[in-house]
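Enquirer: Protein sequences appear in the order of chains A and B.
With our numbering applied, the first sequence has no gaps in its numbers, which climb one by one up to 341 at the end.
With our numbering applied, the second sequence has no gaps in its numbers, which climb one by one up to 368 at the end.
Cβ coordinates follow ideal geometry from the N, Cα and C atoms, glycine included.
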Amino acid sequence: MKFLVVDDEKDVEILFRQKLRKEISSGEIEIEFAFSANEALELLRSRKPPDVMYIFSDINMPGMTGLDLLDKVKVEFPEIKVSMISAYGDGENYDRAMSSGAKGFFTKPIDFDTLKEEIQGFLNK
Amino acid sequence: MNEAAFAEYTKNLVQQGAVGSDEKYVTENRPTDLYLHFLPFLQGMLYVGNDAPLKEQELQLVQNLAEAFSTAYARYEDFTKLEAAKSAVEAAMDELRATQSQLVQQEKLASLGQLTAGIAHEIKNPLNFVNNFSEVSIEMIEEVLEEREKTRLSDRLGRESTDGTLVDDILKDIKVNLQKIHKHGTRANGIVTSMLLHARGGSGKKEPTDLNALVREYVNLCFHGMRAGKNPIHVEIVLDLDTEMGLTPLVKEDFTRVIINLCTNAFDAMRSKSISDQSGNYVPRLRITTKKEAQTMTMVVEDNGPGIPDEIKDKIMQPFFTTKKGTEGTGLGLSISHDIVKAHGGSLNVEIKESEGSAFVIQLPIV
Ligand SMILES: Nc1ncnc2c1ncn2[C@@H]1O[C@H](COP(=O)(O)OP(=O)(O)O)[C@@H](O)[C@H]1O
Ligand SMILES: [Mg+2]
Ligand SMILES: [Mg+2]
Chain A
217 MKFLVVDDEK
227 DVEILFRQKL
237 RKEISSGEIE
247 IEFAFSANEA
257 LELLRSRKPP
267 DVMYIFSDIN
277 MPGMTGLDLL
287 DKVKVEFPEI
297 KVSMISAYGD
307 GENYDRAMSS
317 GAKGFFTKPI
327 DFDTLKEEIQ
337 GFLNK
Chain B
2 MNEAAFAEYT
12 KNLVQQGAVG
22 SDEKYVTENR
32 PTDLYLHFLP
42 FLQGMLYVGN
52 DAPLKEQELQ
62 LVQNLAEAFS
72 TAYARYEDFT
82 KLEAAKSAVE
92 AAMDELRATQ
102 SQLVQQEKLA
112 SLGQLTAGIA
122 HEIKNPLNFV
132 NNFSEVSIEM
142 IEEVLEEREK
152 TRLSDRLGRE
162 STDGTLVDDI
172 LKDIKVNLQK
182 IHKHGTRANG
192 IVTSMLLHAR
202 GGSGKKEPTD
212 LNALVREYVN
222 LCFHGMRAGK
232 NPIHVEIVLD
242 LDTEMGLTPL
252 VKEDFTRVII
262 NLCTNAFDAM
272 RSKSISDQSG
282 NYVPRLRITT
292 KKEAQTMTMV
302 VEDNGPGIPD
312 EIKDKIMQPF
322 FTTKKGTEGT
332 GLGLSISHDI
342 VKAHGGSLNV
352 EIKESEGSAF
362 VIQLPIV
C-alpha cells in the first residue's frame, strides 16, 4: 500500500522512515516523498495506473499550499485519500480542509501514535 | 492721610529698615495742600505731589521718567510672559515626547502581534522534529538493548551470535537523530531570540548584519503571520538577493520592523486587490530584491497589488495617514519605517511603477 508524504521540510523524510520503519520493513506500507505541492502533482500524474492510495500533506509550503493541492487531487484523483498535517491548529484551516474533502487533520508536532492508528485503520479496511 | 497716621507709617518703615531715619521726611513746614500731577502710562500711573504746580520743563522730565518706567515695566512683563511661554512649550514638548514614544511602542506591539502567529507556526515545525526524533531514538535504544540481550542469550546457549551490524546501524541512526534534534533545537532558539530582540529592543547600536539572512527570516515570519491571521491570501514570494551582499551596518531590531511593515503593507494591498479581482487569475506576488553597489546597498520591496494613487503618494509617509478601515491601520508603519531608515543615514522612497503595484526602495550607505 503506497503513501505519499508532502512537506517542504526535508527532514520529514528521515522522520517518517524511522517512525514507520517496522511497517515499511514488513512490507505493509511503502512511502514516497514530495517536497512541494507541484512535485506531488507531477509524481501523481506520472503514475499510470496511479499507485498512491493516501496522501499526507503539509499546508504551508512555498508556492502551492497543501489546501490547494487537496482541491486539485480531489478533482484529478478523487479516489486518493488526503489528510492534512499542519503547524496551524486554527479552526479556519481545519474547516477549510474538512469542507474540501480531507480525511483527517493532524497538527504538528505530529503524534505518531494517532497517525499510525489512522494508517492501520486504512490498511484494515 | 493725617499727620499721626503719616508719623506712624514712617516709623514703621524705619523699623522695617526700609528707610534710614524719618527725619528726612519730617520737616517743619510741611505743606498741607499739594498740587497733584497724574502721569498715566501703559501699566500704571506716576503721580507727583508738589507744593506748587510743576513747570513745563519739570513736567516734561517727570513725563520722561514715566515713559522710562513704562519701558522697564514692559520689559519685565515681557520677560515673565516669555518665561511662562517657555515653560508651556516645554510641557507641551514633554507631553508630545511621551505620546510619541507611546505610539512607537504601540506600533512595535502591533508588528509583534503580526509576528507571533508566524512565530508559533515556525516553532512548531522544529518542535515536531525535536519531539519525534527524540521519541524514535528512545525506541531505537530499546531495540539495541533487546539485541544485546539476544546476543547474551545465544552466547550462553552456545549458539552462533548475531553479527552486530544491526546494532551498528541503529546506533548510526540514533546519531543522525541526535544531530537533527540539535539542529532543530538551535533553529527554535534562533526564532525565540529574534522575537525577544524585536519585543525588547536590543542595544540600539549598528552591527554588521547579513541583510539577506534577515530578509529571509523576517519575510518568512511575516508570511506565516499573515497566513495564520484573518483573511489569509496565497502569495508567491520571490527573493532576489545579491549573493555578493556582504555585511551592512544595521540596528537589527529596528530594521526588522521596516521589513515587517513593508511586507504587511504589501500583503494588505494584494489582499484588497484579490478581493476585488474579477478575472480570477490574479496571482499576488511579493518580490524582494537586494543589490550591493560601491557605496550603497539597495533593497526593493515590490508587490503587484492595486498600487498607490497619485493623489496620496506624498501623504503615505506622514504619521497617521491610513486608507485602512477602523483598527486595521494605524498609519504609523511607513512613517516609523521612514524614520528608522533615515536614522541609518539612508532613504525610503516609493517608486512610481509603470505597470501595476507598488515598489518601496530603501537605500543605505554601506560604509
Ligand atoms: N504596498 C502598498 N500598496 C498600496 N498602498 C500602500 C502600500 N503600502 C502603503 N500603502 C498606503 O499607505 C498607507 C499608509 O501605510 P502605513 O503607514 O503602513 O499605515 P497603515 O498600514 O497602518 O495604513 C496605507 O494605508 C496605504 O493606503
Ligand atoms: Mg511547511
Ligand atoms: Mg502598515
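So within the region 168 to 233 of chain B, which uninterrupted beta strand (DSSP E) runs reach at least 3 residues, ignoring any that extend past its ends?
Expert: Fully enclosed beta strand (DSSP E) runs of 3 or longer: 208 to 210.
Enquirer: Please report the straight-line C-alpha distance between V301(B) and E308(A), rounded to a whole angstrom.
Expert: As a first step, residue 301(B) is located in the second sequence; it is residue number 300 there, counting from the start. As a first step, residue 308(A) is located in the first sequence; it is residue number 92 there, counting from the start. Near 33 Å, if we compare the C-alpha coordinates of E308(A) and V301(B).
Enquirer: Show which residues of chain B have a CB atom less than 7 Å away from the CB atom of P325(A).
Expert: Translated into the one-based positions of the first sequence, residue 325(A) becomes position 109. K125, L128, N129, N132, N133, listed in chain order.
Enquirer: Beta carbon of N133(B): closer than 7 Å to some heavy atom of ligand 3?
Expert: Working through the second sequence from its first residue, we reach residue 133(B) at position 132. Answer for N133(B): no, Cβ out of range of ligand 3.
Enquirer: Where does F80(B) land, buried or exposed, given buried means 16+ other C-beta within 10 angstroms?
Expert: Counted from its first residue, the second sequence places residue 80(B) at position 79. With fewer than 16 Cβ atoms within 10 Å of its Cβ, F80(B) is classed as exposed.
Enquirer: Going by beta carbon distance, what residues of the same chain come within less than 8 Å of H38(B), once the five residues before and after it are set aside?
Expert: Mapped onto the second sequence, residue 38(B) falls at position 37. Answer for H38(B): Y48, V49, G50, N51, P54, L55, L60, V63, listed in chain order.
Enquirer: Strictly by DSSP, which residues pair up with R288(B)?
Expert: Position 287 of the second sequence, counted from the first residue, corresponds to residue 288(B). The partner list for R288(B) (beta bridge, DSSP) reads V239(B), E303(B).
Enquirer: I313(B): buried (16+ other C-beta within 10 angstroms of its C-beta) or exposed?
Expert: By one-based count along the second sequence, residue 313(B) stands at place 312. Flag for I313(B) reads exposed.
Enquirer: Please report the distance separating the alpha-carbon of I309(B) from that of R237(A).
Expert: On the second sequence, residue 309(B) is found 308 positions in, with the first residue counted as 1. On the first sequence, residue 237(A) is found 21 positions in, with the first residue counted as 1. Those two C-alpha atoms are separated by around 55 Å.
Enquirer: Counting only beta-carbon atoms, is Y310(A) nearer than 8 Å to chain B?
Expert: On the first sequence, residue 310(A) is found 94 positions in, with the first residue counted as 1. Output row for Y310(A): interface = no.
Enquirer: With DSSP collapsed to three states, give me the class of P320(B).
Expert: The residue you call residue 320(B) lines up with position 319 of the second sequence. Looking at P320(B) - three-state DSSP - the assignment turns out to be coil, as it is neither helix nor strand.
Enquirer: Which residues, taken in chain order from the region 162 to 189 of chain B, show a beta carbon closer than 9 Å to some beta carbon of chain A?
Expert: Correct list: D174, V177, N178, K181, K184, H185.
Enquirer: Among all residues, which have a Cβ less than 5 Å from at least one non-hydrogen atom of ligand 3, and in what chain order do they fall?
Expert: Listed along the chain, these residues meet the criterion: N266(B), G334(B).
Enquirer: Would you call the region 119 to 139 of chain B and the region 93 to 105 of chain B touching, i.e. three or more CB-CB distances under 8 Å?
Expert: No, because fewer than three Cβ pairs between the region 119 to 139 of chain B and the region 93 to 105 of chain B fall closer than 8 Å, the two stretches do not touch.
Enquirer: Please report the straight-line C-alpha distance between T330(A) and G337(A), rounded to a whole angstrom.
Expert: As a position in the first sequence, residue 330(A) is number 114, starting the count at 1. As a position in the first sequence, residue 337(A) is number 121, starting the count at 1. Rounded to whole angstroms, T330(A) to G337(A) spans 10 Å at the Cα level.
Enquirer: Determine the contact status of I230(A) and K181(B), defining contact as a CB-CB distance below 8 Å.
Expert: Start at 1 with the first residue of the first sequence, and residue 230(A) comes out as number 14. Start at 1 with the first residue of the second sequence, and residue 181(B) comes out as number 180. Taking 8 Å as the Cβ cut-off, I230(A) and K181(B) qualify as a contacting pair.
Enquirer: At what residue ranges does the region 280 to 307 of chain A contain a whole run of the alpha helix (DSSP H), taking only runs of 4 or more?
Expert: You should have 282 to 292.
Enquirer: Which residues bound the alpha helix (DSSP H) around A250(A)?
Expert: For the purposes of this step, residue 250(A) is taken as the residue at position 34 of the first sequence. Not the alpha helix (DSSP H): A250(A) falls in the beta strand (DSSP E), residues 246 to 250.
Enquirer: Would the region 326 to 342 of chain B and the region 248 to 263 of chain B be scored as touching if the rule is three or more Cβ pairs under 8 Å?
Expert: Touching, per the Cβ criterion.
Enquirer: Under a Cβ-count criterion, where at least 16 other Cβ atoms within 10 Å of its own Cβ denotes burial, should P294(A) be classed as buried or exposed?
Expert: Sequence index remark: in the first sequence, residue 294(A) carries index 78 (1-based). P294(A) is exposed by the Cβ-count criterion.
Enquirer: Look at the alpha carbon of A111(B) and the alpha carbon of L339(A), and state the distance between them as a whole number of angstroms.
Expert: By one-based count along the second sequence, residue 111(B) stands at place 110. By one-based count along the first sequence, residue 339(A) stands at place 123. In a straight line, the C-alpha of A111(B) is about 48 Å away from that of L339(A).
Enquirer: For V302(B), which residues in chain A fall below 7 Å Cβ to Cβ?
Expert: Here residue 302(B) corresponds to residue number 301 of the second sequence, with the count starting at 1. Per Cβ cutoff of 7 Å: no residues; V302(B) is ~18 Å from chain A at best.
Enquirer: In or out: A69(B) buried (at least 16 other Cβ within 10 Å) or exposed?
Expert: Along the second sequence, read from residue 1 onward, the residue named residue 69(B) stands at position 68. When all chains shown are included, A69(B) counts as exposed.
Enquirer: If you measure between the beta carbons of A229(B) and Y304(A), is that distance less than 8 Å?
Expert: Here the question's residue 229(B) lines up with position 228 in the second sequence. Here the question's residue 304(A) lines up with position 88 in the first sequence. Yes.
Enquirer: Are at least three pairs of beta-carbons, each pair with one atom in the region 216 to 229 of chain B and one in the region 116 to 125 of chain B, less than 8 Å apart?
Expert: Counting Cβ pairs under 8 Å, three or more are found: they touch.
Enquirer: Quick check: E245(B) and N305(B), are their CB atoms within less than 8 Å of each other?
Expert: The residue you call residue 245(B) lines up with position 244 of the second sequence. The residue you call residue 305(B) lines up with position 304 of the second sequence. No. Outside cutoff.
Enquirer: Can you name the start and end residues of the beta strand (DSSP E) that V342(B) belongs to?
Expert: As a position in the second sequence, residue 342(B) is number 341, starting the count at 1. That residue, V342(B), is in no beta strand (DSSP E); its alpha helix (DSSP H) goes 334 to 344.
Enquirer: Whole angstroms is fine: what's the gap from G282(A)'s alpha carbon to R157(B)'s?
Expert: In the first sequence, residue 282(A) corresponds to position 66, counting from 1. In the second sequence, residue 157(B) corresponds to position 156, counting from 1. Cα-Cα distance, rounded: 55 Å.
Enquirer: Does the beta carbon of V137(B) come closer than 8 Å to any beta carbon on chain A?
Expert: Position 136 of the second sequence, counted from the first residue, corresponds to residue 137(B). Yes, V137(B) lies at the interface with chain A (some Cβ there is under 8 Å from its Cβ).
Enquirer: Return yes when at least one heavy atom of ligand 1 lies under 7 Å from the C-beta of N232(B), else no.
Expert: Taking the first residue of the second sequence as 1, we reach residue 232(B) at position 231. Because no heavy atom of ligand 1 lies under 7 Å away, the Cβ of N232(B) does not count as near it: no.
Enquirer: Closer than 8 Å is the cut-off here; do at least three beta carbon pairs connect the region 281 to 288 of chain B with the region 246 to 254 of chain B?
Expert: With the cut-off at 8 Å, the region 281 to 288 of chain B and the region 246 to 254 of chain B do not touch.
Enquirer: Using a beta-carbon distance cut-off of less than 7 Å, what residues from the region 206 to 230 of chain B approach chain A?
Expert: So the close ones are H225, R228, A229.
Enquirer: Give me the subset of the region 222 to 242 of chain A whose CB atoms are less than 8 Å from a CB atom of chain B, sorted by chain position.
Expert: Under the 8 Å Cβ criterion, the region 222 to 242 of chain A contributes E225, D227, I230, L231, Q234, K235.
Enquirer: Tell me the residue span of the alpha helix (DSSP H) that contains Q336(A).
Expert: Position 120 of the first sequence, counted from the first residue, corresponds to residue 336(A). Residues 328 to 340.
Enquirer: Taking R230(A) as part of the alpha helix (DSSP H), name the residues at either end of that continuous run.
Expert: For the purposes of this step, residue 230(A) is identified with residue 14 of the first sequence, where counting begins at 1. The displayed chain sequence assigns Ile, not Arg, to residue 230(A). From DSSP, the alpha helix (DSSP H) with I230(A) extends over 227 to 235.
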